[in-house]
Structures are given as structure tokens and as C-alpha cells.
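Okay, so here's the structure we're looking at.
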Amino acid sequence: MKTLKRLVALGFLGASVFVTGSVFAESEIVIRIKDHKFEPSVVNVPAGEKIKLVVHNDDPSPEEFESHKLNREKVIQGGSKAVILIGPLEEGAYPFFGEFNESTAKGQIIAKDANTVDGASGGEDGAQSTDSIEPSSDAVTFEAPPLEGNQ
Amino acid sequence: MLSSALVVFREVFEIVLIVGIVMAATQGIPHRKKSIYLGFGGGILGSALVAIFTSRISEFADGMGQEYFNALILFTASAFIGWTLIWMKRHAREMRAHFTKVGQDVASGRLPFFSISFVIALAILREGAEIALFSYGMLATGQSPASLAAGFTIGMSGGILVGVLLYFGLLKISTRAFFQITSWLLVFVVSGMMAQGIGFLTSAGLFESLSFTVWDSSWLLEDGTLTSDGLKALVGYTAQPSAIQLIVYALTLFSLFFFLRFSGNPKKVSISS
């Protein structure tokens, strides 16, 4: 029974991996954890694209990057880094936090459709976010690299 | 100190729900006390090991090692619980008659001895590693050991209290019916674990085409609350389930249901009085 169950699970896994989409390079964003805070704490990304978050833990103590809305949780040892794949995201705000230091380690990812992300750096519309996180001056806007042959 | 207590409590809470149900559900299986102790020991030791090797584990598989590791733990625990459930179904008659075949069954590997140990160890392992890392982190950043110890003790005791209450509560309401309530609970636990495991694989980039969120029930019950954490451990609740998670959940639930419902023609066993 146990073997059968495992075989079925493996078979399912194997078959489904082939169903998944093509592999292409995701856009990469770096977030650093310092003094139990995320820098930047607000990150703007284009909606509808795969994003690769690289979170560096510059603190000596471990932290757990967690986000319910993004459905991700990952422990990062002090002085180490972790890669977190997210997206494609629908438009909206996706809060994340450091579970070990929730009072200070908070941030959010804001996904916007590409044609509404203008060249402005750092700012975000106040109306966009309904979370209690204050807009930080070090917010980063990420622009997708131009896609070859598209549009 | 309070924040430490809260973090520890939440992690312990998830552990005790699973362990409590498994302990209550396996009432009547011979030698289970030994399995349980072994499981606890293994889980605690394992947690320390995983905590130490967190970075190494993460670096595997292009940085997705942690996701694969967590998925593996969840799938393995599911398999073991599933097997234990089926075993209990098959031997229900003997268990009801408090039939104990000492030695023979353990030797022939027919008792779910290590299964129970593994389930408990695995249940402790994941969250246990987080507790270990969190505690180490708190110490490293200069929080006074006394304050941390106090918070740790409060959180741990609170969590264990919940577990004890749950265990005895389940024993009380558990009926003498052919298949006890606790066993049915485990069916949901397994389904939840499988869905959670698949969720980790999605985080690692697998099943892309089925990784879209099907619905968002945060208006009803947000993730991260105590209630939702409890439901997550018990039935695998998540406010934003992905398509593949729902598929796996349903498949597991129905497969287990049918296996258990219809595999249960216990062979006539001569029970020595």
C-alpha cells in the first residue's frame, strides 16, 4: 500500500513536471535584512511576470521570510541568503514579514501592470496600498527588461 | 519575552495538534508508547540537526533545497500516517479485543512501530527546527537568556497544555465505533499535509501551470491567526489554495476514504482467549 501510494505520487509528479511551462530567466530583485528590517521594505514589480527574490540576511541571527498572500515561507540563517520564486502576480499588494522579528521586519511587494509603471523611482500611489505599512523612501521600482519580439 | 513566548507557542501549537491526534488515534496499538518516545527523541534531535544545517539544505537544488526538504517531510509523514491508518483498519477487530501479540508482530515488521515514531519525529522536526533557529537567533542578538528562557517556557508550556487537553478530549469523545473519530481526523490531516507538500513544490517552481490561486478566503478566515493555524494543521486550511493543491487534497481525501472504507474486510483471525 505504502509503495503503491508513493509510486502514484511520484508518477503524478513526474507527469506534471512536463506539463509546466517553459523555463526562462526571471527578473531578479535583491532584498536585504539588516537590524531585523527589510531593505527595501516596499518593492514594486510588474504584474504577470515571474520574479526571483534574493533575500540576503545581513544580520547574524536567522530570520524566516514569510508571506501568506504570496504563499511562501523560508528560513534564512544569519549571514546567508535565500532565493524565493514568486509570480506571476496579479495586481495588488502582497505583504511579507520576518516571523522571528515581526514587529520590525515587514514589507510588501506591489505588483502593477507594466503599462502603469512609469519611470518614477521610489514612490507608490497612496491609494494602492491598504496595508498599514508606511511608504518608505527607499522603495524600489523594478522595470521589466524589454522582451524581444513581443508587443 | 512575550514575543518569544508567542513565536514558540505558535510553532509548538502546530506540532501538538498532529502529535496529539496521532497519539489518540493509535490507542490500542501494542508497544505504541515506545514508538512515541522514540519519535519524540528523534524529532528533537532531528530539529537540532536541521537547524544547524539550514543553510546547507537551502543551497541544494538551485536554492530550493528547503522547499524540497519540507515537501519530502510532509509526503513521508503522509505515507506513514496513511499506512498506519490502513493497518489499524485491518486489525481493528484484534485491537478492539485488546489482542496483543507481543514480540512476534514487531519482529515480523507488521506493527506500525517505526511508522508512528517517524510520524511524530517528522511532525516535531519542521517546526522544531524553526524553534531552534529562533531561539539561537534571539540569543545571538543579545536578548537576555533569562528573558528568552522565560518566554520559551511559557510558549512551550502553553502549547503542550493545548496538546494535553486535545489528547484527553479526543480520548473522551472517541467512540467505540469501528473507525474512531480520531482516525477520520487523521484522514484530513494527511490530505492537508499532501496539499501543503505540493505547495512547497510549487514554491520551488514545479507545476507552474497549476500554481494559480483558485480562491481567496481571507475575508472569511485570514492566514496567520491562531484559528487558521489550527485549521491548517488539522485539515490543511489555506486562504489562497492553488489549483494543484486542491487537486492533490481532493485526490488524497477520496483515495484514503475509499481505501479505508472498502479495504476493511478483516480476515478471520483466530483470537486466542
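Residue numbers (our numbering), protein chains in the order written: chain V, 4 to 154; chain A, 907 to 1179.
Every residue gets a Cβ at the ideal spot worked out from N, C-alpha and C, and that includes glycine.
Predicted, not measured: the structure shown is a model, and the values here were computed from it.
Within chain A, the residues that A85 of chain V reaches when beta carbons sit closer than 7 Å: Here residue 85 of chain V corresponds to residue number 82 of the first sequence, with the count starting at 1. Those within 7 Å of A85 of chain V in chain A are S964 and G969.
Beta-carbon proximity of I942 of chain A to I1022 of chain A, cut-off 9 Å: In the second sequence, the residue the question calls residue 942 of chain A occupies position 36. In the second sequence, the residue the question calls residue 1022 of chain A occupies position 116. Yes, the Cβ-Cβ distance between I942 of chain A and I1022 of chain A is below 9 Å.
Terminal residues of the alpha helix (DSSP H) in which L56 of chain V lies: For the purposes of this step, residue 56 of chain V is taken as the residue at position 53 of the first sequence. It is not in any alpha helix (DSSP H) - L56 of chain V instead sits in the beta strand (DSSP E) that spans I54 to N60.
Residues, ordered as in the chain, of the segment 38 to 64 of chain V that lie near chain A by beta-carbon distance below 7 Å: P63 and S64
Within chain V, the residues that V1096 of chain A reaches when beta carbons sit closer than 9 Å: Stepping through the second sequence from its first residue, residue 1096 of chain A is reached at position 190. Within 9 Å Cβ-Cβ: nothing; V1096 of chain A doesn't reach chain V, min ~10 Å.
Rounded straight-line distance, which links the Cα of S64 of chain V to that of G1048 of chain A: As a working mapping, residue 1048 of chain A is identified with position 142 in the second sequence. As a working mapping, residue 64 of chain V is identified with position 61 in the first sequence. Computed Cα separation, rounded: 10 Å.
Short CB-CB distance (under 9 Å) between E67 of chain V and chain A: Translated into positions along the first sequence, residue 67 of chain V becomes position 64. True, the Cβ-Cβ gap to chain A drops below 9 Å.
Cross-chain neighbours of D1135 of chain A in chain V, by beta carbon under 9 Å: Start at 1 with the first residue of the second sequence, and residue 1135 of chain A comes out as number 229. Per Cβ cutoff of 9 Å: no residues; D1135 of chain A is ~11 Å from chain V at best.
Within chain A, partners of E94 of chain V - CB distance below 8 Å: What you label residue 94 of chain V is simply residue 91 of the first sequence in a count that begins at 1. The premise fails here: E94 of chain V is roughly 13 Å from chain A at the closest Cβ pair, so nothing lies under 8 Å.
Members of the segment 71 to 82 of chain V near chain A, C-beta cut-off 8 Å: H71, K72, N74, R75, K77, V78, I79, Q80 and G81
Identity of the residue in V:K72, V:E93, V:A96 and V:F103 nearest I79 of chain V by Cα: Walking along the first sequence from the start, residue 79 of chain V turns up at place 76. The shortest Cα separation from I79 of chain V among V:K72, V:E93, V:A96 and V:F103 belongs to V:F103.
Contacting residues, own chain, Cβ-Cβ under 7 Å from G947 of chain A (five flanking each side not counted): Start at 1 with the first residue of the second sequence, and residue 947 of chain A comes out as number 41. Excluding residues within five positions, none has a Cβ falling inside 7 Å.
Endpoints, the alpha helix (DSSP H) within which I1022 of chain A is located: For the purposes of this step, residue 1022 of chain A is taken as residue 116 along the second sequence, with counting starting at 1. F1019 to A1046 is the span of the alpha helix (DSSP H), which, as asked, contains I1022 of chain A.
A1145 of chain A at chain V interface by Cβ criterion, 9 Å: Here residue 1145 of chain A corresponds to residue number 239 of the second sequence, with the count starting at 1. A1145 of chain A counts as touching chain V.
Burial state of G1065 of chain A (16 or more Cβ within 10 Å): As a first step, residue 1065 of chain A must be located in the second sequence, where it is residue number 159. Per the 10 Å Cβ criterion, buried.
C-alpha distance - F1163 of chain A paired with D1129 of chain A, whole-angstrom precision: The count along the second sequence starts at 1 and reaches residue 1163 of chain A at position 257. The count along the second sequence starts at 1 and reaches residue 1129 of chain A at position 223. Taking the straight line joining both Cα atoms gives about 27 Å.
Span separating the alpha-carbon of I963 of chain A from that of I1087 of chain A: The residue you call residue 963 of chain A lines up with position 57 of the second sequence. The residue you call residue 1087 of chain A lines up with position 181 of the second sequence. Cα to Cα, the separation comes out at about 37 Å.
Within chain A, partners of S106 of chain V - CB distance below 9 Å: Start at 1 with the first residue of the first sequence, and residue 106 of chain V comes out as number 103. Per Cβ cutoff of 9 Å: S909.
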